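Novice: In full-length UniProt numbering, the protein residues as written are 1 to 158. We treat Cβ as the ideally placed atom computed from N, Cα and C, and that holds for glycine. Since this is a predicted model, take the numbers as computed values, not measurements. Have a look at the structure that comes next, please.
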Amino acid sequence: MSIYEFSARKSDGSIYPLSEYEGKTMLIVNTATKCGLRDQFDGLEKLYQKYENDGLVVLGFPSDQFGQELDGAKEAEESCRMTYGVSFPMHDLVKVNGKNADPLFKYLTENSKGVLGSSIKWNFTKFLIDKEGKLVARFSPKDKPEKFEEEIKQYLTN
Numbered sequence: 001m002s003i004y005e006f007s008a009r010k011s012d013g014s015i016y017p018l019s020e021y022e023g024k025t026m027l028i029v030n031t032a033t034k035c036g037l038r039d040q041f042d043g044l045e046k047l048y049q050k051y052e053n054d055g056l057v058v059l060g061f062p063s064d065q066f067g068q069e070l071d072g073a074k075e076a077e078e079s080c081r082m083t084y085g086v087s088f089p090m091h092d093l094v095k096v097n098g099k100n101a102d103p104l105f106k107y108l109t110e111n112s113k114g115v116l117g118s119s120i121k122w123n124f125t126k127f128l129i130d131k132e133g134k135l136v137a138r139f140s141p142k143d144k145p146e147k148f149e150e151e152i153k154q155y156l157t158n
């Protein structure tokens, strides 16, 4: 199974295939605008701005699974854009754990391990996907984006 076999729902409700990003390096993040780690939006945006022309795309997936997100995807996206200057693609609210988890996040968690095994511990868990669509790294919620910038750069040049 490849990441390109999944689809994602944008905050406006439209659905698109992740194969749209084939040949790009993706950083997939479960986000929450009311989370104490929300300052990472700044670091994620900086990475996106710095490396977008080199093939990096950051994909934000708001989740209220931990009770720290606004009521809807549109509100979450607007908050990200207005408060944090986010320009990378934002998506519909998703569940990241449990039987109702979004299929993309089921795939990501089943194919990587974190502190809680395959479950996502908290908001701002980050998954790095290489240009071939392979999951190559998982970063914990407390890992700030600048901490793994060098690793991202490796996948942009390979």
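1) Output needed for L108: all residues of its chain with C-beta closer than 7 Å, excluding positions within five of it in sequence on either side, in chain order.
2) Which runs of the alpha helix (DSSP H) spanning at least 4 residues fall entirely within the stretch 74–148, listed in chain order?
3) Using the three-state DSSP reduction, which class does G60 fall into: helix, strand or coil?
4) Could you tell me if N100 is buried or exposed, where buried requires 16 or more neighbouring beta carbons within 10 angstroms of its beta carbon?
5) Under a Cβ-count criterion, where at least 16 other Cβ atoms within 10 Å of its own Cβ denotes burial, should Q154 be classed as buried or exposed?
6) Rank A76, E78, R38 and K34 by C-alpha distance to the C-alpha of G67 and give the top, closest one.
7) Nearest to residue 177 by CA position, among V58, E150, F41 and Q40, is which residue?
8) Quick one: what's got a C-beta closer than 6 Å to F148's C-beta in the same chain, skipping five residues either side?
9) With which residues is Y16 paired in a DSSP beta bridge?
10) Could you check the C-alpha separation between N97 and N53 for me, to the nearest Å?
11) Is the separation between the beta-carbon of P62 and that of A73 shorter than 8 Å?
12) Whole-angstrom Cβ separation of R9 and I15, contact assumed at under 8 Å?
13) Under the three-state reduction of DSSP, which class applies to L47: helix, strand or coil?
Specialist: Reading from the atomic positions:
1) Within the sequence shown, residue 108 is the residue found at index 108, counting from 1. The answer, listed in chain order, is I28, F127 and L135.
2) 103–110
3) Residue mapping note: residue 60 aligns to position 60 of the sequence shown, counting from 1. Strand at G60.
4) Your numbering for residue 100 matches position 100 in the sequence shown. With fewer than 16 Cβ atoms within 10 Å of its Cβ, N100 is classed as exposed.
5) The residue labelled residue 154 in the question sits at position 154 within the sequence shown. Burial call: exposed.
6) For the purposes of this step, residue 67 is identified with residue 67 of the sequence shown, where counting begins at 1. The option with the nearest alpha carbon to G67 is K34.
7) As shown, the chain starts at 1 and ends at 158. That puts residue 177 outside it, with no answer to give.
8) As a position in the sequence shown, residue 148 is number 148, starting the count at 1. The residues are F139.
9) The residue you call residue 16 lines up with position 16 of the sequence shown. A8, per the DSSP bridge assignment.
10) Residue mapping note: residue 97 aligns to position 97 of the sequence shown, counting from 1. Residue mapping note: residue 53 aligns to position 53 of the sequence shown, counting from 1. Spanning the two alpha carbons is a distance of roughly 33 Å.
11) Taking the first residue of the sequence shown as 1, we reach residue 62 at position 62. Taking the first residue of the sequence shown as 1, we reach residue 73 at position 73. Contact: yes.
12) The sequence position of residue 9 within the sequence shown is 9, counting from 1. The sequence position of residue 15 within the sequence shown is 15, counting from 1. Rounded, the Cβ-Cβ distance is 5 Å, consistent with contact.
13) Indexing the sequence shown from 1 puts residue 47 at position 47. Three-state result, L47: helix.
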